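Peer 1:
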Amino acid sequence: MLDRLKGRATALSLGAMVSIGFAFIAYGHSLPEYLDLDRANELKGIHACDENGVIPGWFDELYSLETLRYPLIQSGMSLILAAATIAALLGVFGNRQRPQILATPASIPVFFLLGCSAVGLSWFSQMISLDIDLGRGDFPWCADTIFIPMAELSIFYAGLLILCCAAGGLLAVKFQNLPVSLFAWRQDIPAKSWMVSLPFFLIGIVIILLGLDGAYRSTFLGTPAALISLYLTESARSALVCSLREPSHS
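Every position in the sequence shown, counted from 1, becomes a number in this note's numbering once 90 is added.
(1) I'd like to know if the segment 241-257 and the segment 290-309 are in contact, where contact means that at least 3 CB-CB pairs between them fall below 8 Å.
(2) Which one of 117, 125, 174 has the shortest CA to CA distance from residue 162?
(3) According to DSSP, which residues form a beta bridge with residue 156?
(4) Tell me, please, whether the CB atom of residue 328 is closer than 9 Å to any CB atom in chain C?
(5) Give every residue of the same chain whose Cβ lies closer than 7 Å to the Cβ of residue 223, excluding the five residues on either side of it in the sequence, and list them in chain order.
(6) Residue 320 to residue 129, Cα distance in whole Å?
(7) Which one or two residues does DSSP pair with residue 209 in a beta bridge?
(8) Tell me the residue span of the alpha helix (DSSP H) that contains residue 195.
(9) Nearest to residue 120 by CA position, among 159, 101, 139, 138, is which residue?
(10) Apart from the five residues on each side of it in sequence, which residues of its chain come closer than 6 Å, Cβ to Cβ, to residue 290?
(11) Roughly how many whole angstroms lie between the Cα atoms of residue 177 and residue 201?
(12) Please name the residue, chosen from 325, 114, 135, that lies closest to residue 232 on a Cα-to-Cα basis.
(13) In this structure, how does DSSP classify residue 271 when only helix, strand and coil are distinguished?
(14) Below 8 Å, can you find three or more Cβ-Cβ pairs linking the segment 202-213 to the segment 246-260?
(15) Please tell me whether residue 171 and residue 114 are closer than 9 Å, where the distance is taken between their beta carbons.
(16) Judging by CA-CA distance, which residue of 304, 220, 156, 185 is the nearest neighbour of residue 122?
(17) Looking at residue 269 and the ligand FMN, is the gap between the Cβ and the nearest heavy atom below 8 Å?
(18) In three-state DSSP terms, what is residue 182?
(19) Would you please state the rounded distance, in angstroms, between the beta carbons of residue 195 and residue 325? I believe it to be under 8 Å.
(20) Are the Cβ atoms of residue 192 and residue 179 separated by less than 9 Å?
(21) If residue 329 sits next to residue 265, beta carbons under 8 Å apart, how far is it from one beta carbon to the other, in whole angstroms?
(22) I'd like the list of long-range same chain contacts for residue 333, defined as Cβ closer than 7 Å, with 5 residues on each side in sequence excluded.
(23) Mapping DSSP to helix, strand and coil, what is residue 278?
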C-alpha cells in the first residue's frame with residue numbers, strides 16, 4: 091500500500107513538473123524579447139562593431155535590455171526534459187517490485203553507455219546553444235565564425251569523453267553483484283562508506299550546480315545529460331560501497 095502511494099506521489103510530482111514547465115513557457119511567450127526593442131536592434135546593427143572590432147560593453151548593454159522571456163521558456167523546457175528523463179530512468183532502472191525506487195545498471199557496459207550518452211548529450215546541447223544564440227543575434231555581426239567555438243567545444247568534449255571512460259574503467263573493475271540499490275550504504279563499515287562516498291558527493295554537487303546554471307540558458311538541452319550524469323555518479327558510488335569487503339573479525 092505504501093509503495094503504491096509512493097508511486098502515485100512520484101507520478102504526480104513528474105506531472106507537476108511538466109505542468110509548471112508549460113506554464114513557464116506560456117508566460118515567457120507573453121513577454122517581449124527586449125525592454126527597448128529599438129535600442130536592441132541598434133546594438134545588433136551599426137552599434138555592435140567599429141573599425142577595431144566589437145565595441146567594448148556591447149554584450150553587457152544588450153544583456154541589460156533582455157527580459158525574462160527566454161529564461162522562462164528555457165526553464166520550462168528544462169523542467170519538461172527533467173521530468174521525461176526521470177521517468178525514463180525509473181522505467182529502465184526502477185526496481186521491479188517497487189518501480190519508484192531506482193537501482194544501478196545491471197552491467198558494466200550499461201555504465202559506459204550512459205556515460206557516453208551523457209557526454210554526447212552535453213556536447214549536443216552546447217552546439218544547439220551556439221546556434222540558438224546566433225539566431226537571436228547574441229553574437230555581433232563582426233565576430234569570428236561560430237565554427238571556432240564549436241571546434242573548441244568539440245575538442246574539449248572529446249577529451250572529457252576519454253577521461254570519463256578511463257576513470258570509469260578504473261572504477262568498474264571493483265564493481266560486484268550488480269545491480270544494487272541506489273543510495274546504498276554499509277552500516278557495518280560507516281567509515282569506509284564515507285571515505286568512498288565523499289568524492290562522489292562532491293562530484294554530484296558540481297553536476298547539480300552546472301545543471302542548474304544551464305537550465306535557464308540556451309543550454310537547456312543539457313538538462314537530461316546532467317540528470318544522467320547525476321544518476322551515473324550515484325550508481326558508481328553505490329556499486330563501490332556495496333563492493334567493500336566485510337570487516338574482519340579476528
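Where is the CB? At the ideal position from N, CA and C, for every residue including glycine. Quick caveat: nothing in here was measured; it's all calculated off a predicted structure.
Peer 2: According to the structure data:
(1) The segment 241-257 makes no contact with the segment 290-309; the number of CB pairs closer than 8 Å stays below 3.
(2) Taking only the C-alpha atoms, the option nearest residue 162 is 117.
(3) 124
(4) Given the protein chain composition of this structure (a single chain), no chain C is represented.
(5) Correct list, in chain order: 229, 308.
(6) In this structure, the CA atom of residue 320 is about 42 Å from the CA atom of residue 129.
(7) DSSP lists no partner for residue 209.
(8) Element bounds for residue 195: n/a, residue is neither H nor E.
(9) Nearest option by C-alpha distance: 159.
(10) Non-local beta-carbon contacts of residue 290 in its own chain, meaning distances under 6 Å to residues more than five positions away in sequence, involve 323, 327 in chain order.
(11) 18 Å
(12) Residue 232 has its Cα closest to that of 135, out of 325, 114, 135.
(13) strand
(14) Segments in contact, yes.
(15) With respect to residue 114, residue 171 sits apart: the two C-beta atoms are not nearer than 9 Å.
(16) Residue 156 is the option with its Cα nearest to residue 122.
(17) Although the ligand FMN was asked about, the structure shown includes no ligands whatsoever.
(18) helix
(19) 6 Å
(20) yes
(21) 5 Å
(22) If you ignore the 5 residues before and after residue 333, its C-beta comes within less than 7 Å of the C-beta of 264, 265, 266, all in its own chain and listed in chain order.
(23) coil
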